[in-house]
Amino acid sequence: MKKSLKGWIDARFPLSSFVKNELTDYPTPRNLNYWWNFGFLSGFVLVLQIVTGVFLAMHYKPAADEAFDSIQYIMREVNYGWLIRYIHSTGASAFFAVIFIHMARTLYYGSYRAPRELMWWSGQVLLIMLMATAFMGYLLPWGQMSYWGAQVITSLFGATPLIGEHIVIWLRGDFSVGDATLTRFFSLHYLFPFLICAVVVLHLVALHTVRSSNPSGITLHSRDNIPFHPYFTIKDFYGLGIFLIVFCAFVFFKPDFFIEADNNIPANPLKTPAHIVPEWYFLPFYAILRSIPDKLGGVVAMSMSIIIFAAMPFLDRCRVPGGACYRPLYRVMFYVFITDVLLLGYIGSQPPSATLTTVGEIATFFYFAIFALLPFTSYWENRLLLHREKLPAAALTLIREEKYIPVDQDDKKTDGERA
Amino acid sequence: MNNDQPIDDAAELDEGRRDFLEKGTTIFAAAGVAAACWPFIASMNPSRDIEAKAIATVDLSGLAAGKVETVEWQGKPVFVFHRTDEQIEDMHSSQTSLDPQADDKRVIKPEFLVVVGVCTHLGCIPNRNGAKGWLCPCHGSLYDNSGRVIRGPAPTNLAVPPYRYDGEKKIIIGKV
């Protein structure tokens, strides 16, 4: 019965071969560490956000005079409404946390390099879409922080030369953030996750074409690959367990950790809160915006600080595999960059002062300087490490072997060996 | 590499233990997922303010014999019918065949009949049929003065909501 059903489906849909090629036989490097868990985790959080979001939308009312109250209604009256809302609000932060770690891993291990440029770029698109979704979702509770955050971010578009003012009014559908803005943000906040799902599919198709990178950065021989299922399904789920412990600790014991106190005051278009900060995941970029003393310049710098990641495959000219593993200079640059981002995040969270602004300007300079230096340092690393062979002997052997085994040829060999 | 060689301690592999662990983990995970689904399913049930709507209070003192008062309970009409002595006697002695039930099982005090005014066929609201009972305008189901169905297509009698007396002349409809 089971077998004939399987046959019936397989004659019409490539179910068995899909499961075999992409799961039970999908070759995965055996040396993946736990930093490779975060792609799976971001997929999980995406699903969690969509599910909780759909259920919240059953009770939420996207209208300026009803939105705030409907959130209170969800918190007080709806069965488990508090839980679903806290999962969703904490989930937003968790999403950025896992995505940032996922990106940091890619940068550290140099996974953005050939042949994985499209993975990096589709991930870049996903990041921007995620930021847009999070920003629009943040308006929906219609609290003071929601309102003024949206007011500030939509005003950024006012920096566009000539037509800035019209763009801002077009975005808001009103002269200031109002009912029209809320309604369209709700519509798009509901739409974007499904677009994200579509890009995730592209991201995964690209992944299954180029296969996972690994800490050594070297395309492994078939003998060093193991099937994704069960080895990495179980590893991913173990990582998920650890993640859920941390996540649930926030949801159940510190649910308002990520919610600004001022957002429990209904939106008031006539009064800005004394100290307005964006959500933590926007803080480094917000600090860059603030540290440029020119309106247009600030907006350009902030956009550049996000988009510049896309240039990594071009900026990094080093062919030494394994990213920061075997590259001492790149490793230093990586840690300086992470420290710099954390510092910018701290500055973004503080009220502006003369000292902090100066520190912020220096940190912004370093942020871009690291990208600007990369072509030169990577060229130097290439010469010193690769041409003069100052790498661990084992790594050199692997690199030399790799050079003569192109990816696709290696794959054919894999199939032959398996059969 | 050593994975090309057979595992030396293969003999020590306890298949039964591994099988148990695998099944145990799967069952535990499935139970966890099922439990995680519960809040989501529960959130679609009526919320507390809607449940609070599920109580209606009716003052019977102004209701003359032979008159029906329709009150809203859970968004549905409830017929409160003050029956005459003749009608009580009539209902007490009669039997119905479609959904047989004694009249005294359907009332707390025989003077006052309390039934949900929703036809058990497809949810229309029956109209008063003279002094004899109710007639559903949609498909012609006929009910007597005890709300019992005497002609189809309705399959069952008009439902009696949960209610209790609060003093002599007041009833509270709903689970309280």
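Sequence lines, in order, name chains U and P.
Mapped onto this note's numbering, the consecutive letters of the first sequence carry residue numbers 2 to 420.
Mapped onto this note's numbering, the consecutive letters of the second sequence carry residue numbers 771 to 946.
Every residue gets a Cβ at the ideal spot worked out from N, C-alpha and C, and that includes glycine.
| query | result |
| --- | --- |
| Taking only three categories from DSSP, how would you classify residue 920 (chain P)? | strand |
| Would residue 933 (chain P) and residue 885 (chain P) qualify as a contact pair, given that the criterion is a beta-carbon distance under 8 angstroms? | no |
| Below 7 angstroms on C-beta distance, what does residue 82 (chain U) contact in chain P? | 813 |
| I need the boundaries of the beta strand (DSSP E) containing residue 903 (chain P), first residue and last residue. | 903 to 905 |
| Of all the options P:834, P:810 and P:824, which has the alpha carbon lying nearest to the alpha carbon of residue 58 (chain U)? | P:810 |
| Does DSSP classify residue 824 (chain P) as helix, strand or coil? | coil |
| Classify residue 144 (chain U) as helix, strand or coil using the three-state DSSP reduction. | strand |
| Taking beta-carbon pairs under 7 angstroms, can you tell me which members of the region 858 to 890 of chain P lie near chain U? | none |
| Which runs of the beta strand (DSSP E) spanning at least 3 residues fall entirely within the region 841 to 894 of chain P, listed in chain order? | 846 to 852 and 882 to 886 |
| Taking a contact to mean a Cβ-Cβ separation below 8 angstroms, would you say residue 1 (chain U) touches residue 114 (chain U) in this structure? | As displayed, chain U neither begins before 2 nor continues past 420, which places residue 1 (chain U) out of reach and without an answer. |
| Evaluate contact between the region 298 to 316 of chain U and the region 355 to 362 of chain U, counting only Cβ atoms and requiring at least three cross-stretch pairs below 8 angstroms. | no |
| With a Cβ-Cβ cutoff of 8 angstroms, do residue 151 (chain U) and residue 169 (chain U) count as a contact? | no |
| So within the region 100 to 142 of chain U, which uninterrupted alpha helix (DSSP H) runs reach at least 4 residues, ignoring any that extend past its ends? | 118 to 140 |
| Thinking C-alpha only, which one of U:392, U:121, U:235 and U:83 is nearest residue 100 (chain U)? | U:121 |
| Looking only at its own chain, which residues have a Cβ that is under 6 angstroms from the Cβ of residue 225 (chain U), when we skip the five neighbours before and after it? | 31 |
| Helix, strand or coil for residue 839 (chain P)? Go by DSSP, reduced to three states. | strand |
| Give me the Cβ distance between residue 137 (chain U) and residue 263 (chain U), rounded to the nearest whole Å; I'm assuming they're in contact under 8 angstroms. | So it is not a contact: roughly 19 angstroms between Cβ atoms. |
| Note down, in chain order, every chain P residue with its Cβ under 8 angstroms from the Cβ of residue 56 (chain U). | 810, 813 and 814 |
| Could you pull out every residue in the same chain whose Cβ sits closer than 6 angstroms to the Cβ of residue 72 (chain U), ignoring the five residues on either side in sequence? | 142 |
| Does the structure place the region 82 to 92 of chain U close enough to the region 277 to 297 of chain U that three or more beta carbon pairs sit under 8 angstroms? | no |
| Starting from residue 421 (chain U), trace the beta strand (DSSP E) both ways and give me its first and last residue. | This structure cannot settle anything about residue 421 (chain U), because the visible part of chain U is limited to 2 through 420. |
| Counting contacts by CB-CB distance shorter than 8 angstroms, is residue 406 (chain U) in contact with chain P? | Any answer about residue 406 (chain U) is weak, because its pLDDT of 44 lies below 50 and its placement is not dependable; what the coordinates show is given next. No, no contact with chain P. |
| Which residues in chain U have a C-beta closer than 7 angstroms to the C-beta of residue 817 (chain P)? List them in chain order. | 78, 79 and 80 |
| From residue 181 (chain U) to residue 83 (chain U), what distance separates their C-alpha atoms? | 27 angstroms |
| Between the C-alpha atoms of residue 1 (chain U) and residue 94 (chain U), what's the straight-line distance to the nearest angstrom? | A question about residue 1 (chain U) goes unanswered here, because the residues of chain U that appear run from 2 up to 420. |
| Helix, strand or coil: how does DSSP classify residue 26 (chain U) here? | coil |
| Exposed or buried, what is residue 906 (chain P) when buried is set at 16 or more other beta-carbons lying within 10 Å of its beta-carbon? | buried |
| Specify the secondary structure class of residue 391 (chain U) as computed by DSSP and reduced to three states. | coil |
| Could you name the residues of chain P that residue 85 (chain U) contacts, counting a contact when the two beta carbons are closer than 8 angstroms? | 809, 810 and 813 |
| Assuming contact is defined by CB atoms lying nearer than 8 angstroms, are residue 893 (chain P) and residue 848 (chain P) in contact in what I supplied? | no |
| Compute the Euclidean distance between the alpha carbons of residue 127 (chain U) and residue 821 (chain P), then round it to the nearest angstrom. | 42 angstroms |
| Relative to chain P, which residues along the region 58 to 70 of chain U have a C-beta separation below 8 angstroms, given in chain order? | 59 and 60 |
| With 8 angstroms as the threshold, decide whether the Cβ of residue 417 (chain U) is near any Cβ in chain P. | With a pLDDT of 39 at residue 417 (chain U), under the threshold of 50, the modelled position of this residue cannot be trusted; read the value that follows with caution. By this cut-off, residue 417 (chain U) is not an interface position. |
| Report the option in U:272, U:243 and U:260 whose CA atom is closest to the CA atom of residue 36 (chain U). | U:243 |
| Go through its chain and collect everything with a Cβ distance to residue 930 (chain P)'s Cβ below 7 angstroms, but skip five positions before and after it. | 876, 884 and 885 |
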